[in-house]
Each structure stands twice: as C-alpha cells, then as structure tokens.
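First comes the structure, then the notes that go with it.
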Amino acid sequence: RVESTPSHFITDENYDEIHVMYRFVDITFHRTMEERKQEFMALVSHELRTPLTVLKSYFSILLGQMRSMFDEDILEMLDTMQSSVERLHREVGKVMIMSQLDRDDYELDVEEFDFVELMAEVRGNLLSDAEEKNVEIHCISCDEEVLVNGDRRLVKLAGENLLKNAVQHSPHGQTVQIT
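Residues 609 to 787 (the numbering used here) make up the sequence shown, in order.
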C-alpha cells in the first residue's frame with residue numbers, strides 16, 4: 609500500500625498554485641510490522657494470563673481454606689505474593705485490552721454502569737500503591753449512584769491510569785481526591 613501526501617506547493621509571483629509535489633511512501637512494511645506487534649502482544653497477554661489465573665486460584669485456596677495452617681510471617685508473605693499476582697494479572701489484562709484496541713475490528717461494549725462504583729473498585733485496586741507512597745485516596749460524593757453509558761473496561765482502564773498517575777506523582781503524605 610502506498611500513501612501520498614502533498615509535500616510542497618509551488619506558486620508563481622501572484623501566489624497562484626502552479627505545481628504540487630507529492631511524496632509517496634510504501635507503508636506495507638510498517639503496517640505488517642504493526643500487525644505482527646499486535647498479534648505478539650495478544651499472544652503474550654494470553655499466555656501470561658493462563659498461569660497467572662492458576663496462581664490466583666492457588667493463593668485463594670491457601671489464604672482461604674488453609675489460612676490457619678500458617679504463622680503470621682508466612683501469611684504476610686502469602687498476602688504480599690497474592691496482591692502482586694493480582695496486580696500483574698490486571699496489568700496483563702490492560703495489555704490485552706490495548707492490543708485489542710489497536711485492531712480495526714474492535715467493537716465497543718457499551719453498557720450502562722455505575723461510574724462511582726467503578727471508581728471505588730479502581731481505588732481499591734490502587735490502595736497498596738498509595739500506601740507505599742504514604743498517599744491517601746479519598747472519594748468525595750462516593751455514596752451517590754452515577755449511571756453512565758460506555759465501555760466499562762475502557763473507562764476502568766482510563767480511570768486506573770489517571771488515578772495511578774495521580775498517586776505516583778503526588779508528594780508523600782498528600783491526598784488524592786476522586787470527585
């Protein structure tokens with residue numbers, strides 16, 4: 609496939625256009641590489657998600673049914689490991705969504721959902737990051753229901769990115785507010 613764009617306009621002394629020069633670029637290679645990148649990202653995301661799902665399940669069993677078998681130090685390590693696996697699982701999910709968005713055939717999954725409830729979920733996912741930075745995340749007016757129509761996964765992804773950036777770039781001891 610070839611893409612062309614006007615690169616220079618040549619005019620006479622009255623500024624009337626007399627020639628247009630075009631630049632032609634073969635974008636076949638770039639498009640092929642982009643498609644391969646998308647396929648690779650989708651494959652890697654899928655291949656990582658499967659073992660992470662298994663790990664999440666085993667941690668759930670260990671920390672649920674077998675919790676009484678471990679002392680406090682081991683439980684703390686298992687809790688940390690579980691939250692790290694859950695965080696990695698979420699990040700791989702984001703990569704999967706992003707690789708799907710890059711495809712031309714992605715269809716939005718528009719539905720009605722409670723935006724406040726979604727942001728409370730996002731807040732919960734980022735509490736450990738906030739605690740590490742000694743940053744608090746407060747939700748103002750989070751007891752109200754705000755129904756919106758949109759692709760819930762994409763809105764959640766955008767909310768996570770915004771809130772994560774707010775936490776990462778806030779000074780220690782500060783508060784991030786969701787309004």
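For each residue, glycine too, the CB sits at the ideal point set by N, CA and C. These numbers were taken from a predicted model, which means no experiment stands behind them.
Please list the terminal residues of the continuous beta strand (DSSP E) segment that includes residue i.
| i | result |
| --- | --- |
| Gln-785 | 783-786 |
| Asn-622 | Element bounds for Asn-622: n/a, residue is neither H nor E. |
| His-746 | 744-747 |
| Leu-755 | 755-759 |
Sorted by chain position, which residues of the same chain lie with C-beta nearer than 8 Å to residue i's C-beta, five sequence neighbours on each side aside?
| i | result |
| --- | --- |
| Ser-778 | Lys-741, Val-743, Val-784 |
| Leu-671 | Leu-683, Leu-686, Asp-687, Gln-690 |
| Ile-748 | Gln-785, Ile-786, Thr-787 |
| Ala-738 | Glu-744, Ile-745, Val-775, Val-784 |
| Glu-753 | Asp-722, Val-724, Glu-725 |
For the alpha helix (DSSP H) that contains residue i, what are its first and last residues?
| i | result |
| --- | --- |
| Glu-699 | 680-709 |
| Glu-739 | 723-740 |
With distance defined between alpha-carbon atoms, name the residue in the options nearest to residue i.
| i | options | result |
| --- | --- | --- |
| Gly-732 | Asn-622, Ile-745, Glu-680 | Ile-745 |
| Ala-766 | Phe-723, Ser-749, His-638, Glu-647 | Phe-723 |
| Gln-708 | Thr-787, Glu-621, Gln-646, Gly-672 | Gln-646 |
| Met-706 | Glu-753, Thr-640, Ala-650, Leu-670 | Ala-650 |
| Val-693 | Met-677, Thr-658, Phe-721, Glu-715 | Thr-658 |
| Phe-721 | Leu-762, Ala-738, Ser-653 | Leu-762 |
| His-654 | Arg-698, Ala-728, Gln-782 | Arg-698 |
| Leu-734 | Val-754, Leu-770, Asp-710 | Leu-770 |
| Cys-750 | Glu-715, Glu-725, Arg-675, Lys-772 | Glu-725 |
| Glu-662 | Ile-635, Leu-696, Lys-764, Glu-680 | Residue identity differs from the one stated: residue 662 is Val in this sequence, not Glu. Nearest option by C-alpha distance: Leu-696. |
| Arg-711 | Ser-665, Leu-660, Met-677, Glu-643 | Glu-643 |
| Met-727 | Leu-716, Lys-664, Leu-755 | Leu-755 |
Sorted by chain position, which residues of the same chain lie with C-beta nearer than 6 Å to residue i's C-beta, five sequence neighbours on each side aside?
| i | result |
| --- | --- |
| Leu-656 | Val-700 |
| Glu-768 | Val-730 |
| Arg-675 | none |
Looking only at its chain, what residues have a beta carbon closer than 7 Å to the beta carbon of residue i, apart from the 5 residues adjacent to it on each side?
| i | result |
| --- | --- |
| Ser-691 | Ser-736 |
| Val-718 | Asn-757, Gly-758, Asp-759 |
| Tyr-714 | Gln-708 |
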